[in-house]
Amino acid sequence: MSEEVRAPLAGNIWEVTVAVGDKVEEDDELVIIEALKMENPVYAPCGGVVKEIKVKKGDQVQEDAILMILE
Amino acid sequence: MHPYFSKMDNFGKELKQNRKDRAAESNAQLRAVETVIEQQKQAVLNAGFSTAEINKRGSLTITQRLEYLVDPGTWQPLHSLYNPLDNEEGTTNVVDGLGKIGGKWAVIIGFDNKVMAGAWLPGQSENILRVTDLAMRLNIPLVWLVNCSGAKLPDQEKFYANRRGAGTPFYRHAELEQAGIPILAGIYGTNPAGGGYQGISPTILIAHKDANIAVGGVGIVSGMAPRGGFNVELLEELIDKTREFRAAPPGRVETHFGKTGFFSRVYEEETGVLDGIKEYMQNMPAYGPMVFQVAEPAEPAFPADDLYSLLPFNQKEVYSFDELLARVVDGSEQMEFRPGYGPEVYTGLCKIDGMLIGCIGNRQGFLGKGYPEYADYPGMGGKLYRQGLIKMNEFVTHCGRDRIPVIWFQDTSGIDVGDLAEEAELLGLGQSLIYSISQTDVPMLLVVLRKGSAAAHYVMGGPTANRHNAFTLGTAATEIAVMHGETAAVATYARRAMKEKDAGRPLDDVIEKMNQLAQKYRDTSQPDYCARYGFVDEVVKLTELRGYLKAFAGAAYQNPRSICPRHQMILPRIIKG
C-alpha cells in the first residue's frame, strides 16, 4: 500500500533527508521546506520504504504538492 | 484534589537515535557555546588575588564562604557575567544566586573579597538591586556576606550618585524589612563608608572578630579637610595619621558589639559567622515543601541530555516545544489549557518538585491550514496571533487567581504584523497581556530558549515585567534583539539604497553599512552579551535548567504572600471541563 507525503505549506525544498529505498519509521524527518524564514520538517506519516521522491533541493512547491511516496 | 495532580497527562516521546544523529552538529554547537560561557564564568570567579593569597592572609574567599554556607547541590548562581559598565576587573564585584541554607531557600549575595577587598565598582548597585528585587518577588530571606572596602574612588562618578546609585540598595534593604523580609548579614574585614552601610542596613548583623563597620575609614578621616592641593609637608602629615588609624580602624567589634550592640553576635572563626547565619536561617519564616506540593516530586521521564538534540542551534530550524518541556517537568506530565485554541502557544499546568507551575511557551513550525483565522497567509510558530494572545491572557489571569507561579519559555520572533493583524486587534491584545500580568501577584521566571524579539519579548513575562519577573535565564542559543539584524538593516537603509540608486551612485557604501549593522546585531544579541548587559540574569547549560526551575518553584512556594487552597483552584477545573 502506498502513502503520499504532501507539502503542508508552500515553500522551497531546503533539504531531502532520505533517499529512494530508505526504510523510515513514523515521525522520521523526510524533507525540510523553507517557508516564512523557517526550516519546516515534514515527517513520515507512517513507517515504510521510500518508493519515489518527487522533489529535489531548491524546488519550489505549492501547498499539498506530492513530495514523495512511501510504500 | 489528588485525582487532578498525582497523575497528570503524560507527554513527550523517547528520542530516536536518527534524530540524535541529525542533531549532532547542533548539539556540538550548543555545547561549544556553553564551554565558552563556562570559561568566562571561571575567569570572573578567578578575578583579583588568588585563593591561596587570601587564605594566607587569614581569610576565606567569597567562594569558600559560599561553599561552607550553602547546602550542597542547591547553589544556582546568577549574574555571573554581569558587568554592564565594562569594568576592567571583569565583574561588578558581587557574587549572588539562589541557594538553600539549612534546607530553606534564600537569595544570597556577597562581595568578592579577592578584588580590591570587595570594593564598590560601577554597575554593582544595579546588580544588588536585581538581587533585592528577587528577594522581594520571592518573599524569601536575603543573606549578605559583607566584606566591602567602600567605593573604588577613581570611578566614583559612575556609581556613587543617581537614582539607582550605590546608596539605593540601603533603601531597598529598608523596603524589604518593611515588607517583612529579613536580611541576615555575615560581616568580615574592613567596611568603611559605603561598606559601613552595607554592614548596618541588614536586619541581623553577625560579625567576625576582625570585622569593622564605620561611617568613614582611614582614608576619609585622614583626608577630611581639603586644603586646595597637596605638597610634601601635607603628605607627611597624612602618612602619620594613616599609620595611626591603620593601627585602630574605627567601628571595631569592641565598639559595635561591646558598646553600640549593633552586632548580634561575634565569632572568632570565619566559619563561625556562617554557622551563625545557618542558625538564624533555621528561624526564618518558611513553609515546608509538603504544604504546597500537590504530588510526590518526580524526575522527568526522559533524560535532560535530550535537550541538546531537541533545541536547534540554528535559529531557523523548527522543533517541538512540548518535547523540550517534557524534559524539564516532573514525570513528563502536564494538564494543557485550551489545547485546540491558539496553537502557536503552549499553556498548561506542570509540576516542578511536586509543586504546581503554570508553563507558557512558543510552539514552533507551521501551524496548520486556516490559522491564523483572520488572515489569508499561513501562521508560523514563534509568532503570536490573536488566539495565542487571548489564550495567554486567560491562562495568566487564572494562574494569578489560583496563586500558581508561572514559567515562561520564549522563542519568539514577535507579534504578527500588517493590516489584518491590526484589524485582529493584536496591538491591543499584546498590551492586554501586560495588563493581565500586572493584575496578578505571582512570581514569574523567564527562560529565553532562543529568540526574544520585538514586543513579544516584553509581553511574554520578560524582565521588563519588573514586579513579576523574578529572574531570566538564557541558553547557548539565546538571541535577544528588537528584530533580526538583517531585518533591521533593511528597515534602516532600504530608502537610502533607493535614493543612491536613483542618483546613479554606487551602492557599495550602503551595502557595507547594512552588513555592519547586521553584524552589530549579531554581536550584541549573543548569550554572553545578553548576560554581560543584564538582558538575562544567567546563561545556563541545558542540563542545568531544571535545577533553576526547582529553585524557582521551591523559593516561590516557601513563603508566599497569598495562597489559594488547591481545592479552591479554578484553573484545573477549567482544564478538566
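Each protein sequence line maps, in turn, to chains A and B.
Numbered according to this note's numbering, the first sequence terminates at residue 124, and the numbering increases by one at each position without gaps.
Numbered according to this note's numbering, the second sequence terminates at residue 664, and the numbering increases by one at each position without gaps.
Just so you know, even glycine gets a beta-carbon here, dropped at the ideal spot from N, CA and C.
Going by C-alpha positions, residue 447 of chain B is about 52 Å away from residue 347 of chain B. If you draw a 10 Å sphere on the C-beta of residue 650 of chain B, you find fewer than 16 other C-beta atoms in it, and that means exposed.
Each residue's CA atom was taken as its position, placing residue 124 of chain B and residue 400 of chain B some 15 Å apart. Within chain B, the residues placing a beta-carbon under 9 Å from that of residue 82 of chain A are 105, 106 and 109, ordered along the chain. Listed along the chain, the chain B residues whose CB falls inside 7 Å of the CB of residue 62 of chain A are 453 and 465. In the pairwise beta carbon analysis, the segment 144-163 of chain B is classified as not touching the segment 217-226 of chain B: fewer than three pairs are separated by under 8 Å.
For residue 119 of chain A and residue 54 of chain A, the gap between their C-alpha atoms comes out near 16 Å. Of all residues in the segment 565-593 of chain B, those with a C-beta nearer than 9 Å to a C-beta of chain A are 571, reading in chain order.
The continuous alpha helix (DSSP H) containing residue 131 of chain B extends over residues 111-132. Taking the C-beta atoms as reference points, residue 201 of chain B is found no nearer than 8 Å to residue 298 of chain B.
Neighbours of residue 637 of chain B in chain A, taken as residues at a C-beta separation under 8 Å, are lacking, since the least C-beta distance is about 31 Å. Shown in chain order are the members of the segment 83-108 of chain A whose Cβ falls below 9 Å from a Cβ of chain B: 85, 86, 87, 88, 89, 90, 91, 92, 93 and 94. Taking a Cβ-Cβ cut-off of 9 Å, residue 157 of chain B has no neighbours in chain A, whose nearest Cβ is about 42 Å from it.
Straight-line spacing of the CA atoms in residue 138 of chain B and residue 145 of chain B works out to 11 Å. Runs of alpha helix (DSSP H) with 4 or more residues, each lying fully within the segment 486-514 of chain B, are found at 506-510, listed in chain order. When C-beta distances to chain A are compared with 7 Å, the residues of the segment 402-422 of chain B below that value are 403, 404 and 405, in chain order.
Under the criterion of beta carbons closer than 8 Å, residue 561 of chain B and residue 626 of chain B qualify as touching, at roughly 4 Å.
In the assembly as shown, residue 542 of chain B is a buried residue. Its beta-carbon has 16 or more other beta-carbons within 10 Å. Residue 365 of chain B has its alpha-carbon roughly 25 Å from the corresponding atom of residue 380 of chain B. For residue 624 of chain B, the number of other beta carbons within 10 angstroms of its own is at least 16, and it is reported as buried. Counting other Cβ atoms within 10 Å of its Cβ, residue 276 of chain B reaches 16 or more and is therefore classed as buried.
Setting aside the 5 residues that flank it on each side, residue 572 of chain B is surrounded in the same chain by 604, 605, 606, 607, 608, 609 and 612, each with a C-beta closer than 8 Å to its C-beta; the list follows chain order. Excluding five sequence positions before and after residue 556 of chain B, the CB atoms of its chain that fall closer than 7 Å to its own CB belong to 531, 533, 548, 549 and 550, given in chain order.
Per DSSP, the continuous beta strand (DSSP E) segment holding residue 93 of chain A begins and ends at 91-96. Here the segment 641-657 of chain B makes contact with the segment 481-490 of chain B; the two share three or more CB pairs at distances below 8 Å.
For residue 659 of chain B, the enclosing alpha helix (DSSP H) starts and ends at 658-663. When DSSP states are grouped into helix, strand and coil, residue 519 of chain B belongs to the helix group. Across the set B:216, B:250, B:230 and B:212, the C-alpha of B:212 shows the shortest separation from the C-alpha of residue 239 of chain B.
Burial state of residue 260 of chain B is buried, judged by a 10 Å Cβ sphere holding 16 or more other Cβ atoms. Nearest in C-alpha terms to residue 452 of chain B, of all of B:468, B:461, B:438 and B:464, is B:468. Just so you know, the alpha carbons of residue 421 of chain B and residue 630 of chain B end up roughly 20 Å apart.
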